[in-house]
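2 protein chains.
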Amino acid sequence: MSYAQALRCRECEREYPLDPAFFCQFCFGPLEVDYDYEAISRVMTRESVAAGPPTLWRYAPLLPCDPEYKVDLGTGYTPLLRADRLAEAIGLDTLWIKNDTVNPTWSFKDRVVSVAIARARQFGFTGIACASTGNLANSVAAHGAHAGMDTFVFIPDDLEEGKVVGSAIYSPALVMVRGSYDDVNRMCTELSHDQPWAFVNINVRPYYAEGSRTLAYEVAEQLGWRTPDHCVVPMASGSLFTKIWKGFKELHQVGLIDEPQTRMSGSQAAGCSPISTAYAEGTLNFRPQKPNTIARSLAIGNPADGFYALKTMQETEGGAEMATDQEIIDAVKLLAETEGIFAETAGGVTVACLKRMVESGHIRRDEETVAFITGGGLKTIEAVQGQLTEPLRVPASSDAFLEALEARRATEAGVAVAAGGA
Amino acid sequence: MSYAQALRCRECEREYPLDPAFFCQFCFGPLEVDYDYEAISRVMTRESVAAGPPTLWRYAPLLPCDPEYKVDLGTGYTPLLRADRLAEAIGLDTLWIKNDTVNPTWSFKDRVVSVAIARARQFGFTGIACASTGNLANSVAAHGAHAGMDTFVFIPDDLEEGKVVGSAIYSPALVMVRGSYDDVNRMCTELSHDQPWAFVNINVRPYYAEGSRTLAYEVAEQLGWRTPDHCVVPMASGSLFTKIWKGFKELHQVGLIDEPQTRMSGSQAAGCSPISTAYAEGTLNFRPQKPNTIARSLAIGNPADGFYALKTMQETEGGAEMATDQEIIDAVKLLAETEGIFAETAGGVTVACLKRMVESGHIRRDEETVAFITGGGLKTIEAVQGQLTEPLRVPASSDAFLEALEARRATEAGVAVAAGGA
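So the sequences go chain by chain: A and B. FYI, the numbering for the first sequence is 545 to 966, going by our numbering. FYI, the numbering for the second sequence is 545 to 966, going by our numbering.
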């Protein structure tokens, strides 16, 4: 069973029943799920969690849906990897990578969709839909297929090929919209008024967004039921960022960890940085932007939770950074070369911003830090093609290979000598 | 510690010490790792496994390397998903998908590389290498990067772009060889005589191959410590196929399950089917082929373990099938549409062959079956591009979308009526 007990307005705190609703009828503030934490604290122990499945459903009492409605592709409980080589490269003592590239559709969106589709089924919806920058589309299409539901997926018409094929393969009604994500989102909001579909990130958004908290639960559990000093999290709508912080606080509320002292810092691409720009300017009110960045999955110019992300930074003494497209590509490569993890561009944004935050002193060397890598690199190979070391091309002869290798090494040594002499 | 106690020739059963060696000095038979199963049965219980990490290292006593040398990207313990919609589509009562697309480099090769690189470090190698059809290259490059080892990756020069970028991103020495996989493999075998590198699938192959057994351990554990009636497994070298069967038998040997009665059946592409063709002809001696198939990751024309795969079919009353390129593509789509799992072409081979085996009566409707999906679909998007339902393309207007949707539905209904009337 679920311990969700109401929706509550984040602004005026008015309560609503657990319906497919997402904004307050009085003040238009966003609605958020409220739980009976006392009841949860009675049923949820470190031992009960450890005895659960190796998926996000191990935290079922904290999810806003009855598990009997779940559509389970095996999402969550992804690796938390100690990243010593990357830590050394950027000047940190202790760094962890939360690797969410190994979810069923290779991004963290499987978490929010798992929860949203379960709640949609519980509401009785037979259709599922979304407005997406790509990763969400992949996940909604896959989960809709697994559940045998009518599935409608709306994306901007200029997305990366991997993300288009990665949705189309599941045969949803795939709709490519001429416009930006923000245009797609406006159009879907209109459609949600009349169509009998659960738009996961619109009319069931309060439930959907709760799925992100499972990243916090996992990190805390994987660290031995404690929280890190600092988290660096990519920001698109800003929802993921705020929900990780909510997750840490909830674990304390139900008695599973000490009070979290974690500083929360967010990462954006310079080409779409409404939240990071507002942080830099010291305001809680961001100005919408027209995105222009290779980090398409973060290209939300008018972020729904931007205000709350900025409040979370204030509350936790965190901050925000932004990275140029070239820094993003270099960071994708750095993460791969040092840790063996191939992230999509959003992961490059996070590693590049992490590096900047260490360089600026915003993150101190001795702060134990977790960086959240939210999508796999095969989704955005266009971004790195042409920026990688040229392979050796040889005929099928070991002698030919050894000659080519020697020639390459001589060239590299020459370059190194020349560079050293300059 | 490891319970591996010797290498043993699979033909003449001569014993060798645990060295970097792979063939018998007397009869040239392949070497395989032997364990002290009695000691393992004393330390390994269902409870000790359950208390282990959610990775393949939960089966550490059955692995041929000391865990202290491990290079751990979090491989293994992947989902075993009940596939009711696919089962219904092809005519089975109970079907499970072992989804190995959610490993760190999105294929099962992370299993064999995890074990090979650990053993290579234990031997003192500082360089790691492989001959690969693509997936192994991705995995060796990633693990080599994570461990900070010299890394050499040899691939045919006409692989899919996702597999090339998916290796190059980790900055190994990437060598693209003009020739087939079999050419690349011959060249690497030569190099392994002189170079101080662990070629994971050549000079440390006996250890490497053992990693595949973890798939059997996981399936048995995930089914509640029992084995299925039938397994369908893709065959390239044939090693994975034989090792899954070995894994089931070992679990019985150490007292964790009843004696397995599983029938083992293998899948190949029609364009590279040396093992399936030999099975169809009723012989244990396959004839090498020149591969010509979109299933590049299975395109091994001269399979090292083909003979043992055929023996395993004989021993288990299993069999083999092959699928055309079009059947492979259709099966990739069928798996995605019914279960929400996007597999690379090798997964299409397995689902297409599974379908054929049910149709032919080789697999009976009431046999509980597990199909092994060994790599993710983003690695081979070329194979399905142009074969997917055309998206709806609309301007950013809900009215325009609804019109386009109605028009599409009218067309589809017209097509359906026309088809019904024909």
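By construction, the Cβ of each residue, glycine as well, lies at the ideal position given by its N, Cα and C atoms. All values derive from a computational prediction rather than experimental measurement.
Integer Cβ distance of residue i from residue j, believed to fall under 8 Å
{"i": "A/R558", "j": "A/T677", "result": "The pair is not a contact, with the Cβ atoms about 31 Å apart (cut-off 8 Å)."}
{"i": "B/I873", "j": "B/P847", "result": "Not a contact, Cβ separation roughly 23 Å."}
{"i": "A/V728", "j": "A/P700", "result": "6 Å"}
{"i": "A/T619", "j": "A/P648", "result": "6 Å"}
{"i": "A/L759", "j": "A/F652", "result": "7 Å"}
{"i": "A/A583", "j": "A/Y613", "result": "20 Å between Cβ atoms; not a contact."}
{"i": "A/V697", "j": "A/L718", "result": "5 Å"}
{"i": "B/V893", "j": "B/L842", "result": "6 Å"}
Within 8 Å, strictly: CB atoms of residue i and residue j
{"i": "B/W741", "j": "B/I672", "result": "yes"}
{"i": "B/I925", "j": "A/G891", "result": "no"}
{"i": "B/P935", "j": "A/M720", "result": "yes"}
{"i": "B/S999", "j": "B/A867", "result": "Absent from the structure is residue 999 of chain B, since the part of chain B shown begins at 545 and ends at 966."}
{"i": "A/S781", "j": "A/A864", "result": "no"}
{"i": "B/A764", "j": "B/S783", "result": "no"}
{"i": "B/A915", "j": "B/T889", "result": "no"}
{"i": "B/L795", "j": "B/Y751", "result": "no"}
{"i": "A/S585", "j": "B/T933", "result": "no"}
{"i": "A/R722", "j": "B/A940", "result": "yes"}
{"i": "B/A632", "j": "B/K923", "result": "Checking the sequence shown, residue 632 of chain B turns out to be Glu, not Ala. No."}
{"i": "A/K877", "j": "B/I713", "result": "yes"}
{"i": "A/A660", "j": "A/G791", "result": "no"}
Status (buried if at least 16 other CB within 10 Å, exposed otherwise) for residue i
{"i": "B/G958", "result": "exposed"}
{"i": "B/N836", "result": "exposed"}
{"i": "A/A966", "result": "Confidence at A/A966 is low in this model, with a pLDDT of 47, below 50, so the placement of that residue should be treated as unreliable; the coordinate-derived value is given next. It is exposed - the Cβ of A/A966 has fewer than 16 other Cβ atoms within 10 Å."}
{"i": "A/W769", "result": "exposed"}
{"i": "B/L562", "result": "buried"}
{"i": "B/F743", "result": "buried"}
{"i": "B/P832", "result": "exposed"}
{"i": "A/N643", "result": "buried"}
{"i": "A/G826", "result": "exposed"}
{"i": "A/N745", "result": "buried"}
{"i": "B/E883", "result": "buried"}
{"i": "B/T645", "result": "buried"}
{"i": "B/K834", "result": "exposed"}
{"i": "A/D869", "result": "buried"}
{"i": "B/S817", "result": "buried"}
{"i": "A/C571", "result": "exposed"}
Limits of the unbroken alpha helix (DSSP H) element including residue i
{"i": "B/L759", "result": "R757 to Q766"}
{"i": "B/W789", "result": "S783 to Q797"}
{"i": "B/F851", "result": "G850 to T860"}
{"i": "A/A631", "result": "D628 to I634"}
{"i": "A/V928", "result": "Here A/V928 belongs to no alpha helix (DSSP H), and DSSP marks it neither H nor E."}
{"i": "B/V984", "result": "The structure shown does not extend to residue 984 of chain B, since chain B is modelled only from 545 to 966, so the question has no answer here."}
{"i": "B/V748", "result": "Note, B/V748: premise wrong, no alpha helix (DSSP H); not H, not E."}
Residue range of the unbroken beta strand (DSSP E) whose run includes residue i
{"i": "B/M866", "result": "G863 to A867"}
{"i": "A/K642", "result": "L639 to N643"}
{"i": "B/A579", "result": "According to the sequence displayed, residue 579 of chain B carries Tyr and not Ala. Element bounds for B/Y579: L575 to Y579."}
{"i": "A/F570", "result": "Looking at the DSSP string, A/F570 is not in any beta strand (DSSP E), and its letter there is neither H nor E."}
{"i": "B/S651", "result": "Segment: none, B/S651 is in no beta strand (DSSP E) and carries neither H nor E."}
{"i": "A/T695", "result": "D694 to P700"}
{"i": "B/I844", "result": "Element bounds for B/I844: n/a, residue is neither H nor E."}
Neighbouring residues, chain B, relative to residue i (Cβ below 7 Å)
{"i": "A/V719", "result": "P935, L936, V938 and F945"}
{"i": "A/S942", "result": "M731, E734 and L735"}
{"i": "A/V959", "result": "Near A/V959 there are no residues of chain B at all, since even the closest Cβ is about 16 Å away, more than 7 Å."}
Cross-chain neighbours of residue i in chain A, by beta carbon under 9 Å
{"i": "B/A664", "result": "None at all; the shortest Cβ gap to chain A is about 15 Å."}
{"i": "B/N643", "result": "L617, G618 and P648"}
{"i": "B/S715", "result": "K877, A880, E881, L932 and T933"}
Near the ligand SAH: residue i beta-carbon under 7 Å from a heavy atom
{"i": "B/F652", "result": "Among the components modelled here there is no ligand, and therefore nothing to report on the ligand SAH."}
Per-residue contacts from residue i into chain B (C-beta, under 9 Å)
{"i": "A/T882", "result": "A689, H690 and G692"}
{"i": "A/L869", "result": "This sequence places Asp at residue 869 of chain A; Leu is not what is there. The contacting residues do not exist; A/D869 stays about 17 Å from chain B at best."}
{"i": "A/K834", "result": "Near A/K834 there are no residues of chain B at all, since even the closest Cβ is about 14 Å away, more than 9 Å."}
Partners in chain A for residue i, counting only beta-carbon separations shorter than 8 Å
{"i": "B/G891", "result": "Per Cβ cutoff of 8 Å: no residues; B/G891 is ~11 Å from chain A at best."}
{"i": "B/D702", "result": "Within chain A, no residue comes near B/D702; the closest Cβ sits about 11 Å away, beyond 8 Å."}
Residue i: contacting residues in chain B (beta-carbon distance under 8 Å)
{"i": "A/A686", "result": "A880, G884, I885 and F886"}
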